[in-house]
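Below you'll find the structure, written out as structure tokens, and then a few comments.
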Amino acid sequence: FILTIPFHKVDRLQSFSFCGFYLRSLFIQNLYNGSFTQFLCFGFEKTVETKAPKKSNEAALQDWSKKSNVKTERVNYTAEFVVDSNFGVPGAITVTNKHQKEFFLEAITIEGFACGPVHFPCNSWVQSKKDHPGKRIFFSNEPYLPSETPAGLKALREKELKNLRGDGRGVRKLSDRVYDYDLYNDLGNPDKGIELARPTLGGQKIPYPRRCRTGRVPTDTDMYAESRVEKPLPMYVPRDEQFEESKQDTFSFGRLKAVLHSLIPSLKASFSAENRDFSGFSDIDNLYSEGVLLKLGLQDELIKKLPLPTLVSRFQESQGILRYDTPKILSKDKFAWLRDDEFGRQALAGINPVNIEKLQVFPPVSKLDPEIYGPQESALKEEHILGQLNGMSVQQ
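What the sequence shown shows, in the numbering used here, is residues 186 to 581, in sequence order.
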């Protein structure tokens, strides 16, 4: 979204406005009085000889208090700043978040320059100044070759790269945006027993795989093993790489459905004494179309008995929570699972590929103990599979 701002001059100074600053309204609440977000723009001449960038005055968002209660996914704010007429082309902009909470910044668009609108794609979480005192910097979407990058812009990019790489020290916070790497030395849990210890993966000889460095304290029994994060505590992931709330809720909801599906046999036994055996294939189809508990009329009782008070409202909102997801193969052909070729495909798909061997002798000969599993010679004959060989013989 681009908001057109009229261009005008004031005593050899030029006044500009930028827009396209979007915040997620979920985080625009409980802000203290006098809080605002500051911006500082850096201008560059398109010559390599230009050393230091030119800076604008700091600008604050307008109409923050009026729009703080807007109930929408995106909110558009504007701000104005004044620069010299020889300011150059905007190449970078810093953001200081003086609010109590983080917010999601999607984009910034600066208008009023002779070169036209300058776009800054952001798509990043900007942390509060009290958590991260440093300013966030964003760059315009104009590409530069390394040899053509203005010196001032190159220095800002190197500083940002240094911040992203980190210094390899300290414990990572969930709000951090550091992408440094470490060995896989947290696979085991030796504090709970020597049998739970695991070797370290990675290092100079085998540099991969690597994991994102977290900086947690070592275990009590092994100083070279990093302590683990146990559920429900979250694992550190750079803030911009974390799943959105809606996707994370989907994952949590899916895990809950899986747990409840595994409880169905015991739930049927505890809620109903009637015989609920399958009477035909239609009953299997109803697992996906109606849901087991809905069919038995037991969902209300289940909600009351489950020790999940915080999720009761979500049960009531989604009446089909215990409805099985229809397998893709059944959505195309309900009886595909009855055919031999599909049975064979599923059997092979469920076997570790390491255990699959090339057929050397026909008919196949088993290596299992004949006293337990019977004769080792297979009863399979060439005529049994001839129709599936596409015109070839068994020897071919």
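Just so it is clear, CB atoms sit at the ideal spot from N, CA and C, and this is done for glycine as well.
Contact between Gly387 and Tyr369 holds, since their C-beta atoms are separated by about 5 Å, short of 8 Å. Note on geometry: alpha-carbon atoms of Pro331 and Asn540 lie some 51 Å from one another. Taking the Cα positions, Lys286 is about 23 Å away from Gly355.
Put simply, of Ala564, Gly400, Glu429 the residue whose alpha carbon is nearest the alpha carbon of Asn308 is Glu429.
DSSP places Ala245 in the strand class (E or B) of the three-state scheme. In the DSSP assignment, Leu565 falls outside any alpha helix (DSSP H), carrying neither H nor E. When rounded, the separation of the alpha-carbon atoms in Lys344 and Gly297 is 28 Å. With respect to the 9 Å criterion, Asp425 and Trp522 are not classified as neighbours on the basis of their beta carbons. Three or more Cβ pairs drawn from the region 405 to 419 and the region 364 to 382 lie within less than 8 Å of each other, which places the two stretches in contact. Nearest C-alpha to Ala382 among Gln581, Leu290, Thr406: Thr406. Cα atoms of Asp525 and Tyr558: separation of roughly 23 Å, rounded to the nearest angstrom. Fully contained in the region 356 to 429 is no beta strand (DSSP E) run of length 3 or more. Here the alpha carbons of Leu565 and Pro549 stand approximately 8 Å from one another. Annotated three-state conformation of Val274 is strand, per DSSP.
His569 counts as exposed, since fewer than 16 other C-beta atoms from the protein chains shown sit within 10 angstroms of its C-beta. In this structure Val303 is in contact with Ser325, their Cβ atoms being roughly 5 Å apart against a cut-off of 8 Å. Within the DSSP bridge table, the entry for Arg321 names Val280 as partners.
Per DSSP, reduced to three states, the secondary structure at Tyr262 is strand.
For Ile541, no beta strand (DSSP E) segment is defined, and its DSSP state is neither H nor E. Nearest to Val260 by C-alpha distance, out of Ile514, Val267, Lys251, Gln389, is Lys251.
For Asn254, there is no enclosing alpha helix (DSSP H), as DSSP marks it with neither H nor E. The Cβ atoms of Asn348 and Ser313 do not sit closer than 9 Å to each other.
Beta-bridge partners assigned by DSSP to Leu515: none are found.
Residue environment: Ala264 is assigned as buried (16 or more neighbouring CB atoms within 10 Å of its CB, all protein chains considered). With distances taken between CA atoms, Ile469 lies nearest to Leu515 out of Val274, Leu515, Thr257, Ile295. Val414 is positioned such that its CB atom lies closer than 9 Å to that of Arg401. With contacts defined as CB atoms closer than 9 Å, Phe227 and Pro306 fail to qualify as a contacting pair.
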